[in-house]
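Here is the structure we will look at, set down as structure tokens.
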Amino acid sequence: MPPVAKECTKADLPWFEYYSDGKAPEGSEKLINLKSVANPGSEKKDVPLPENEPLNPGNVVKIIRGISKEQVREGDL
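In terms of the numbering used here, the sequence shown opens at residue 13 and continues consecutively.
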């Protein structure tokens with residue numbers, strides 16, 4: 013079983029924030045009707061992944077494409 017978010021954060025594994033000024037990729041027609049694990053659970057008033065509660069990760073690696081290192085994007089101010 014893969015580790016949950018809490019275990020990854022406790023192990024100080026990096027989280028990645030990706031930003032690009034480029035055009036967003038098109039969605040796949042094959043995945044158009046795909047629901048997340050949370051969707052059926054919330055529809056049934058259930059908690060499908062109780063051990064995977066939300067958290068604020070500390071080790072975030074920012075990956076930014078389309079701007080130079082000297083530029084600042086609005087969210088970095």
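Beta carbons: idealized from backbone N, C-alpha and C, even for Gly.
On a predicted model such as this, the values are computed, not experimentally measured, just so you know.
- In the DSSP annotation of this structure, the continuous segment of the beta strand (DSSP E) that includes E29 starts and ends at W27 to S32.
- DSSP places K74 in the uninterrupted beta strand (DSSP E) bounded by V72 to R77.
- Assigned with DSSP and collapsed to three states, P66 falls in coil, not helix or strand.
- In this structure, D24 and N71 form a Cβ contact; the two beta carbons are roughly 5 Å apart against a cut-off of 8 Å.
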